[in-house]
Amino acid sequence: MFFNLLDFNVRFPDEEEAVQLSISQEEPVYAIARLRILDDKPYSLEHTIIPIKLVPNITTEVLSQSLYDYMQHELGIIFGDNRQTVRAVKPNQEDQTHLDCRADDPVLEVVKVMFLEKGTPVEYSVVHHRYDMVEVSFVNVTRDAIIG
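Residue numbers for the sequence shown, in the working numbering: 4 to 151.
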């Protein structure tokens, strides 16, 4: 698997991004768009927003690999929980171009907020997956299993 960097810039977050990351709209963020390639086929199109103060020194070289590896191994970041919402949506023009899908093909949208170990949001992402290249499984754990 590798990444094709489509866009990388520093800007201020829009209202939704600021809310999801619990930051002000005056706090600079990295805005990253990458196309993930698997077996020479487009797999997913990801748009990621990360506060600069939490993850410094992101470069195009870093973004050619796993961003999480960089965050964990180079910066010593410890991740906590994440919150994900998954739904099927119609592809937009960008999806059709980069994911090589038709207007009537569904895409699987995953909206995620990743938190640091102490609960601070560190990443907000919206990822669109080709319908024919992803599968989602859920495991429900009973309360008794958690409490033990």
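Where is the CB? At the ideal position from N, CA and C, for every residue including glycine.
Note that the coordinates shown come from a computational prediction; the quantities given were computed from them, not determined experimentally.
Item                                                                                                                                               : Value
Assuming the contact rule is C-beta atoms closer than 8 Å, N12 and A34 should be a hit. Round their C-beta distance to whole Å, please.            : 5 Å
Within the continuous alpha helix (DSSP H) that includes H101, where are the two ends?                                                             : Q96 to H101
For Q23, list the residues DSSP reports as bridge partners.                                                                                        : In the DSSP output, where bridge partners are listed per residue, Q23 has none listed.
I need the DSSP call for L66, collapsed to helix, strand or coil.                                                                                  : helix
From what residue to what residue does the beta strand (DSSP E) around N85 run?                                                                    : F82 to V92
Determine the direct distance from the alpha carbon of H131 to that of H50, and round the result to whole angstroms.                               : 9 Å
Could you tell me if Y127 is buried or exposed, where buried requires 16 or more neighbouring beta carbons within 10 angstroms of its beta carbon? : buried
Leaving out five residues before and five after S47 in sequence, what residues of the same chain have Cβ atoms less than 6 Å from its Cβ?          : R39, V130 and H132
Which residue's Cα is closest to the Cα of P125: L78, P94 and V137?                                                                                : Here the sequence assigns Val to residue 125, which means Pro is not the residue at that position. For the residues L78, P94 and V137, the minimum Cα distance to V125 belongs to L78.
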